[in-house]
Amino acid sequence: MIGKIVRAVLGGLFLAGFVHIVAVLAIPVLAERDAVARVAAALAVDEDGAPAPGDGFRAIPADGSVLPDLDPAFVHVVCPFTAADGTVDVAGAMPDTIWSLAVVARGAGIVAAYEHTAAVDGRIEVLVGSPEAVETIRLARAAGGTDTANYAAVDTDRGFVLLRAFADADHPPEALRAALTAVSCRPLDE
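Read left to right, the sequence shown gives residues 7 to 196 (the numbering used here).
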């Protein structure tokens, strides 16, 4: 009786060890299919995830082909960035509907999120960059007077900004898509 229990426990431990080894060996393969890589592939940007200069925000479908679990009632646009871009300035007029903005960093997930209440006079500005660069800019702007910008410190080499807005009868998807892609997403002119 005890021999059967010992064999069952040893068999279970062997199987658990095998599963853990396979899981650890699969991490590099699965890591290349994260949200940042899927966005870069969908937008046909270079292997570093960098958009061509001036590309800004581009629309993605809500069907799950690029990012899973996107709400089909919203219009979604993304702007990928890399550390080589330096600090990225996301700024522009926002539509008069419910919207949200998320900064997603490779290996860290969502590092900052803002919603329609973050807009000042219908405009949003978010500066995305390394913690050091963001803090330097924040302090310089604060010393200069009123600062309405939001800041997202990203300690990674790649990521993207996801901007989405709710479409309804008063805000058709085509008009929202045009409004969201008009928001700038470019390296900050320092």
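For every residue, glycine included, the Cβ atom is placed at its ideal position computed from N, Cα and C.
Original post:
Going straight from the alpha carbon of F63 to that of R170, what length do you get?
Top reply: Rounded to the nearest whole angstrom, the CA to CA distance from F63 to R170 is 11 Å.
Original post:
Helix, strand or coil: which one does DSSP assign to R64?
Top reply: R64 falls in the strand class under three-state DSSP.
Original post:
Roughly how many whole angstroms lie between the Cα atoms of L19 and H26?
Top reply: Spanning the two alpha carbons is a distance of roughly 11 Å.
Original post:
How big is the Cα-Cα spacing for P59 and R192?
Top reply: Note that P59 scores a pLDDT of 43, beneath 50, so its modelled location is shaky; the value from the coordinates is reported in the next line. Their backbone Cα atoms lie some 8 Å apart in a straight line.
Original post:
Can you tell me whether L31 is buried or exposed, with buried defined as 16 or more other CB within 10 angstroms of its CB?
Top reply: Exposed is the label assigned to L31, since fewer than 16 other Cβ atoms lie within 10 Å of its Cβ.
Original post:
Between the beta-carbon of V134 and the beta-carbon of T93, is there less than 8 Å?
Top reply: Less than 8 Å separates the beta-carbon of V134 from that of T93.
Subject >> Where I33 sits in the DSSP three-state scheme >> reply: Helix, per DSSP.
Original post:
Can you tell which of G115, I104 and P137 has its C-alpha closest to the C-alpha of E4?
Top reply: It is not possible to answer for residue 4, since the shown part of the chain is limited to 7 through 196.
Original post:
Beta-carbon of R13 versus every beta-carbon of chain C: anything under 8 Å?
Top reply: Here there is only one protein chain, and chain C is not present.
Subject >> Straight-line gap, D69 to A50 (C-alpha atoms, nearest Å) >> reply: Answer to the nearest angstrom: the Cα atoms are 18 Å apart.
Original post:
Between V81 and L182, which are expected to be in contact by the criterion C-beta below 8 Å, what is the C-beta distance as a whole number of angstroms?
Top reply: Right, the Cβ-Cβ distance comes to about 4 Å (below 8 Å), so this counts as a contact.
**OP:** Given a cut-off of 8 Å, decide if V83 and G165 are closer than it, judged by their beta-carbon atoms.
**Re:** Against a cut-off of 8 Å, the Cβ pair of V83 and G165 comes out as no contact.
**OP:** Put L21 into one of helix, strand or coil per three-state DSSP.
**Re:** Assignment of L21 by DSSP, reduced to helix, strand and coil, places it in the helix class.
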